[in-house]
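A short worksheet on the structure shown next.
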Amino acid sequence: MKAEEILATYCTGSMFILERQDVVVGILQDNGVRKKDAEKAYSIFKQNHPFGYSGDDVPPVDIDMFFRAGMRYLDAADDLVSFKKAYWTLFVAAVRGHPEALFRLGMLMGGEYEGCPFTEVRSAVKFFRKADEKGHPDAKLHLALLIADGFRPDTAEEAMSLMEAEVSAADAGEDADTLLDAIAGLRGGDAAPALEKLVYLSEKGVSEASVILDAVYREGYRAEKDPGLADRYWRSVSF
Numbered sequence: 006m007k008a009e010e011i012l013a014t015y016c017t018g019s020m021f022i023l024e025r026q027d028v029v030v031g032i033l034q035d036n037g038v039r040k041k042d043a044e045k046a047y048s049i050f051k052q053n054h055p056f057g058y059s060g061d062d063v064p065p066v067d068i069d070m071f072f073r074a075g076m077r078y079l080d081a082a083d084d085l086v087s088f089k090k091a092y093w094t095l096f097v098a099a100v101r102g103h104p105e106a107l108f109r110l111g112m113l114m115g116g117e118y119e120g121c122p123f124t125e126v127r128s129a130v131k132f133f134r135k136a137d138e139k140g141h142p143d144a145k146l147h148l149a150l151l152i153a154d155g156f157r158p159d160t161a162e163e164a165m166s167l168m169e170a171e172v173s174a175a176d177a178g179e180d181a182d183t184l185l186d187a188i189a190g191l192r193g194g195d196a197a198p199a200l201e202k203l204v205y206l207s208e209k210g211v212s213e214a215s216v217i218l219d220a221v222y223r224e225g226y227r228a229e230k231d232p233g234l235a236d237r238y239w240r241s242v243s244f
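Under this note's numbering, the letters of the sequence shown match residues 6 to 244, in that order.
Written out as structure tokens, the structure reads:
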């Protein structure tokens, strides 16, 4: 792929990404373009397309190329500049729906990469949710882990699916079986006994049950909405 084609795919409709000269030049170098030629191509492209490229003849984007480059940068990152370079390179693949790029950005923003100087739970949640939508098998579990950092599931269904992922990844036990039975009961409409099981587990200190009860009463899912009760259960969550 020629430098002009790489620039066209990389900068499509994105003034912000086009501003990342270090990342763009790095991508060109990864594809065999000499640094001097890459810098020249970038300069010419930016002059001709100051607001990004949006023509009808844009070449197909090789999102795997950007994912692979982003992971190389991420594996070697050790300061603000290098972590940002990794972020924006992965971002090119992520915004085009690459499941693993979305997942890795969730990990990065969630603080799972040691030394990253910028993290944000809200952004991590966004990336993990999108990765889950794209079918990433581990996104739910890592999203559940963010509850320890203050993430509060939006709905009862989200809370139940995340807690299912968490208990399924851990060693199965009696409490886990009871929790899964309660979730199945709630989904099936048999709310009363399911809620009793969840309350029992919550009182035992099983935080997964408290997370679900918080969402149930906050949303009014299979039970009367009760924000005060929801907050009480949320305060008992401790991971």
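Yeah, the Cβ is synthetic: ideal placement off N, Cα and C, and Gly gets one too. Keep in mind that this is a model prediction, so the values were computed, not measured.
How would you write the range of the alpha helix (DSSP H) that residue 104 sits in, first residue to last?
Taking the first residue of the sequence shown as position 1, residue 104 is located at position 99. That run of the alpha helix (DSSP H) goes 104-114.
Under three-state DSSP, which class holds residue 225?
Within the sequence shown, the letter at position 220 stands for residue 225. It is coil, neither helix nor strand.
Report the residue from 208, 187, 201 and 167 whose alpha carbon sits nearest the alpha carbon of residue 130.
To locate residue 130, count along the sequence shown from 1; it is residue 125. Selected option, being the one with the closest Cα: 167.
Indicate whether residue 70 and residue 109 have their beta-carbon atoms separated by less than 8 Å.
Here the question's residue 70 lines up with position 65 in the sequence shown. Here the question's residue 109 lines up with position 104 in the sequence shown. Cβ distance not < 8 Å, so residue 70 and residue 109 don't count as in contact.
Between residue 145 and the rest of its own chain, which residues show a CB-CB distance below 7 Å, the 5 nearest in sequence each way excluded?
What you label residue 145 is simply residue 140 of the sequence shown in a count that begins at 1. 137, 166, 167 and 170.
Determine whether the beta carbon atoms of residue 191 and residue 227 lie at a separation below 8 Å.
Numbered from 1 along the sequence shown, position 186 holds the residue referred to as residue 191. Numbered from 1 along the sequence shown, position 222 holds the residue referred to as residue 227. In contact: residue 191 and residue 227 (Cβ atoms closer than 8 Å).
Comparing alpha-carbon positions, which option in 126, 238, 211 and 213 lies nearest residue 112?
For the purposes of this step, residue 112 is taken as residue 107 along the sequence shown, with counting starting at 1. Looking at the Cα atoms, 126 is the closest of the given residues.
C-alpha gap between residue 100 and residue 107, whole angstroms:
Walking along the sequence shown from the start, residue 100 turns up at place 95. Walking along the sequence shown from the start, residue 107 turns up at place 102. Going from the Cα of residue 100 to the Cα of residue 107 covers about 8 Å.
So, is residue 203 buried or exposed, given that buried needs 16 or more other C-beta atoms within 10 angstroms?
Indexing the sequence shown from 1 puts residue 203 at position 198. Around the beta-carbon of residue 203, 16 or more other beta-carbon atoms lie within 10 Å, marking it buried.
Considering residue 135, what are the terminal residues of the alpha helix (DSSP H) in which it resides?
The count along the sequence shown starts at 1 and reaches residue 135 at position 130. Residue 135 -> alpha helix (DSSP H) spans 126-138.
Measuring straight from C-alpha to C-alpha, what distance separates residue 25 and residue 151?
For the purposes of this step, residue 25 is taken as the residue at position 20 of the sequence shown. For the purposes of this step, residue 151 is taken as the residue at position 146 of the sequence shown. Near 29 Å, if we compare the C-alpha coordinates of residue 151 and residue 25.
So, at 6 Å on beta carbons, what are the nonlocal neighbours of residue 35 in its own chain, with the 5 sequence-adjacent residues on each side left out?
By 1-based counting over the sequence shown, the position of residue 35 is 30. The answer, listed in chain order, is 74.
Give me the Cβ distance between residue 141 and residue 105, rounded to the nearest whole Å; I'm assuming they're in contact under 8 Å.
As a first step, residue 141 must be located in the sequence shown, where it is residue number 136. As a first step, residue 105 must be located in the sequence shown, where it is residue number 100. The Cβ separation is near 7 Å, so the contact holds.
Under the three-state reduction of DSSP, which class applies to residue 18: helix, strand or coil?
One-based indexing of the sequence shown puts residue 18 at position 13. Below a pLDDT of 50, predicted positions are generally treated as unreliable, and residue 18, at 45, falls in that range; the measurement from the model is reported next regardless. The answer is coil: DSSP assigns residue 18 none of H, G, I, E or B.
When DSSP labels each residue in this structure, what does residue 234 get in the three-state scheme?
Counting from one through the sequence shown, the residue named residue 234 turns up at place 229. In this structure, residue 234 counts as helix in the three-state DSSP scheme.
Restricting to runs no shorter than 3 residues, where is the beta strand (DSSP E) found entirely within the segment 148-205?
none
What is the rounded straight-line gap between the Cα of residue 235 and the Cα of residue 223?
Translated into the one-based positions of the sequence shown, residue 235 becomes position 230. Translated into the one-based positions of the sequence shown, residue 223 becomes position 218. Residue 235 and residue 223 have their C-alpha atoms some 5 Å from each other.
Can you give the Cα-Cα distance for residue 91 and residue 103, rounded to whole angstroms?
Reading the sequence shown from its first residue, position 86 is the one you call residue 91. Reading the sequence shown from its first residue, position 98 is the one you call residue 103. Taking the Cα positions, residue 91 is about 15 Å away from residue 103.
Do residue 12 and residue 72 have their beta-carbon atoms positioned less than 8 Å apart in this structure?
Here residue 72 refers to the residue found at position 67 of the sequence shown. Here residue 12 refers to the residue found at position 7 of the sequence shown. Not closer than 8 Å, so no.
Since residue 28 is in the alpha helix (DSSP H), which residue starts that stretch and which ends it?
Position 23 of the sequence shown holds residue 28. Segment 26-35, the alpha helix (DSSP H) holding residue 28.
For residue 286, which three-state DSSP category applies?
No answer is possible for residue 286: it lies beyond the span of the chain, which begins at 6 and ends at 244.
Hey, would you say the C-beta of residue 217 is under 7 Å away from at least one heavy atom of the ligand PLP?
This structure simply doesn't include the ligand PLP, nor any ligand for that matter.
Taking the CB atoms as reference points, tell me whether residue 8 and residue 43 lie closer together than 8 Å.
For the purposes of this step, residue 8 is identified with residue 3 of the sequence shown, where counting begins at 1. For the purposes of this step, residue 43 is identified with residue 38 of the sequence shown, where counting begins at 1. Their beta carbons are under 8 Å apart, which means residue 8 touches residue 43 by this criterion.
Residue 244 classed as buried or exposed, judged by whether at least 16 other C-beta atoms fall within 10 angstroms:
Residue numbering aside, residue 244 sits at position 239 when the sequence shown is read from its first letter. Its Cβ having fewer than 16 others within 10 Å, residue 244 is exposed.
Compare the C-alpha of residue 122 against each of 39, 231 and 79 and name the closest.
Stepping through the sequence shown from its first residue, residue 122 is reached at position 117. When only C-alpha atoms are compared, the closest one is 79.
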